[in-house]
Amino acid sequence: MSSQEINDVLPRRKSDDETDLDITPMIDITFLLLAFFVMVSKMDPQLPVDLPPALNGQTIPDKTAVVLVVLKGEGDDDYTIYKGRTKSKSDAVVGDDAIEQEEQIAEYVENELSRNPKIQVILIKAEGDVKTGAVETVKRGVAGSELGLTRKLYVAVETTQ
Amino acid sequence: MTDKDKNDNKNPESGLPSDDSPSESGEFGLAAPTGKFGDSSQTDHPGGDPPAANVSKTSAKSPGDFKQMNWKGFEEEEEDPDPPVRFEKDTETEHDDLDMTPMVDVVFLLLIFFMVTASFTLQKSIEQPPSKIEDPSTNVIEDPEDEDDYVEVIIDQTNTYYVTSRDAEEVVAPSDREMRDRMRDAKRTSGAPRLIINAHVDSMHRKVVTVWDAGNAAGFDQIEMRTMEEDY
Numbered sequence: 300m301s302s303q304e305i306n307d308v309l310p311r312r313k314s315d316d317e318t319d320l321d322i323t324p325m326i327d328i329t330f331l332l333l334a335f336f337v338m339v340s341k342m343d344p345q346l347p348v349d350l351p352p353a354l355n356g357q358t359i360p361d362k363t364a365v366v367l368v369v370l371k372g373e374g375d376d377d378y379t380i381y382k383g384r385t386k387s388k389s390d391a392v393v394g395d396d397a398i399e400q401e402e403q404i405a406e407y408v409e410n411e412l413s414r415n416p417k418i419q420v421i422l423i424k425a426e427g428d429v430k431t432g433a434v435e436t437v438k439r440g441v442a443g444s445e446l447g448l449t450r451k452l453y454v455a456v457e458t459t460q
Numbered sequence: 262m263t264d265k266d267k268n269d270n271k272n273p274e275s276g277l278p279s280d281d282s283p284s285e286s287g288e289f290g291l292a293a294p295t296g297k298f299g300d301s302s303q304t305d306h307p308g309g310d311p312p313a314a315n316v317s318k319t320s321a322k323s324p325g326d327f328k329q330m331n332w333k334g335f336e337e338e339e340e341d342p343d344p345p346v347r348f349e350k351d352t353e354t355e356h357d358d359l360d361m362t363p364m365v366d367v368v369f370l371l372l373i374f375f376m377v378t379a380s381f382t383l384q385k386s387i388e389q390p391p392s393k394i395e396d397p398s399t400n401v402i403e404d405p406e407d408e409d410d411y412v413e414v415i416i417d418q419t420n421t422y423y424v425t426s427r428d429a430e431e432v433v434a435p436s437d438r439e440m441r442d443r444m445r446d447a448k449r450t451s452g453a454p455r456l457i458i459n460a461h462v463d464s465m466h467r468k469v470v471t472v473w474d475a476g477n478a479a480g481f482d483q484i485e486m487r488t489m490e491e492d493y
């Protein structure tokens, strides 16, 4: 007599359990999708730099590096050097003369390295379309700092797989 | 959770044996005469509402008779010494199950986070020798004929490559690919350990990086960089 009633009750119980179980993976997936899209849309708050491609590159501790960014300007010969990762006017290196720019870069590198002596890396993030002379100006500026000469100098590239 | 409690509750009420009905009914049967019912119901239903329902069940006569009919049939089967312990175990396993889900969620989220941050570090770097703080014009003119053999790649103001080594003629390489091939040939024939990149200041940084990258791939021990300001 009771076995008949078991069959009546058990399915109802099962369906109750199933409705409980259905919510959890849905929430999981929702969170995962949320995380995915948050990452994809807002991953690069730094200013975009069109780095030159290369096959062989080293991974360096980018987060703890003195970074100098060289961006191409409107004209062919125009370029702007930024001290640091951000594209703010106050960080731009001013001066038409390459020697003036080198002095500013040397001062910036010297200040940064004396403030954080643990930094071992100086990274130049130069766009591929920038002229070699502009990158050379930055390099000479780094070499103008005494502390800068004791650190390793890198040029950022984008690895193409 | 609460649904399940209700289910556990309903089965004895309707007198229907379920999967774990022997222990349940046993508990019920034992507890009702000895007056331990309150304790067992507390362990059974920590929610609060179900115990009241239980009490009403036992106090009400007409459903009580119905129940007793069924309980009698089962009382012979169960001789369990201490059913409350079993019940506590059951509730514990339920708690364990509940703890897993958010933990797994968080673990997956962390996994995704680190995967994403790792895959976004596409930026790599090429090490450069420190620039010599001499007058660049004098630096360029001096001939790079030192002790070692070398392969030299010149990038002129129109971004054209010229590959040359100590013994070989200068070869024009209009494309990146050709420059790579020429450089590899020059490296193989001369066996030179040094690569000298001589770039015009108006050449593109992209080209310098390409040559440097090709030099790394070709296996040069030492790569030097010079710049020239005169047109080549």
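If you're matching them up, the sequences are chains E and V in order. Using this note's numbering, you'd call the opening residue of the first sequence number 300 and step up by one each time. Using this note's numbering, you'd call the opening residue of the second sequence number 262 and step up by one each time. Even for Gly, the Cβ is constructed at its ideal location relative to N, Cα and C.
- Interface criterion not met: the Cβ of V/Asp492 is under 7 angstroms from no Cβ in chain E.
- Each residue's CA atom was taken as its position, placing E/Tyr407 and E/Ser387 some 15 angstroms apart.
- Linking V/Ala475 to E/Ile328 through their CA atoms gives a straight-line distance of about 45 angstroms.
- If you ignore the 5 residues before and after E/Leu448, its C-beta comes within less than 7 angstroms of the C-beta of Ala442, all in its own chain and listed in chain order.
- Under DSSP, the beta-bridge partners assigned to E/Leu370 are E/Thr379.
- Under the three-state reduction of DSSP output, V/Arg449 falls in the helix class.
- According to DSSP, V/Ile387 shares a beta bridge with E/Val454.
- With respect to chain V, the C-beta atom of E/Asp349 has no partner C-beta closer than 7 angstroms.
- Scanning E/Ile398, E/Leu370 and E/Asp377 for the CA closest to the CA of E/Pro347 turns up E/Leu370.
- When only Cα atoms are considered, V/Val433 and E/Glu445 end up about 39 angstroms apart.
- Under the 8 angstroms Cβ criterion, the stretch 427–439 of chain E counts as touching the stretch 455–467 of chain V, having at least three qualifying pairs.
- Restricting attention to E/Arg414, E/Lys362 and E/Thr436, the CA atom closest to the CA of E/Ile380 is found in E/Thr436.
- For E/Leu367, the number of other beta carbons within 10 angstroms of its own is at least 16, and it is reported as buried.
- In the assembly as shown, E/Gln400 is a buried residue. Its beta-carbon has 16 or more other beta-carbons within 10 Å.
- In this structure, E/Leu350 sits away from E/Val434, with a CB-CB distance that is not shorter than 7 angstroms.
- Along the stretch 394–414 of chain E, none of the residues has a CB nearer than 8 angstroms to a CB of chain V.
- In this structure, V/Asp446 is the residue among V/Asp482, V/Asp437 and V/Asp446 with its C-alpha nearest to the C-alpha of V/Thr425.
- Taken in chain order, the complete beta strand (DSSP E) segments of 3 residues or longer contained in the stretch 411–439 of chain V are 411–416, 422–426 and 432–434.
- What E/Gly356 touches in chain V, judged by beta-carbon distance under 7 angstroms, is Lys385, Ser386 and Ile387, going in chain order.
- C-alpha of V/Glu485 to C-alpha of E/Val337: approximately 43 angstroms in a straight line.
- Between V/Ser386 and E/Gln357, the beta carbon gap of about 6 angstroms places them in contact (Cβ cut-off 8 angstroms).
- Within the same chain, and ignoring the five residues on either side of V/Tyr411 in sequence, the residues whose Cβ sits closer than 6 angstroms to its Cβ are Ala453, Arg455 and Ile457.
- Beta-bridge partners assigned by DSSP to V/Met486: V/Ile458.
- CA-to-CA, the gap between V/Tyr493 and V/Phe481 works out to about 25 angstroms.
- Straight across, the Cα-Cα distance linking E/Asn410 with E/Glu426 is about 25 angstroms.
- Residue nearest to E/Asp375 within the set V/Glu491, V/Thr488 and V/Thr419 is V/Thr419 (criterion: CA-CA distance).
- When E/Ile404, E/Ile421, E/Leu354 and E/Thr458 are compared, the shortest CA-CA separation from E/Pro360 is found for E/Ile421.
- Residue state for E/Gln400 is assigned as helix, using DSSP reduced to three classes.
- Between V/Glu388 and E/Tyr378, the C-beta gap is not smaller than 7 angstroms, which leaves the two residues out of contact.
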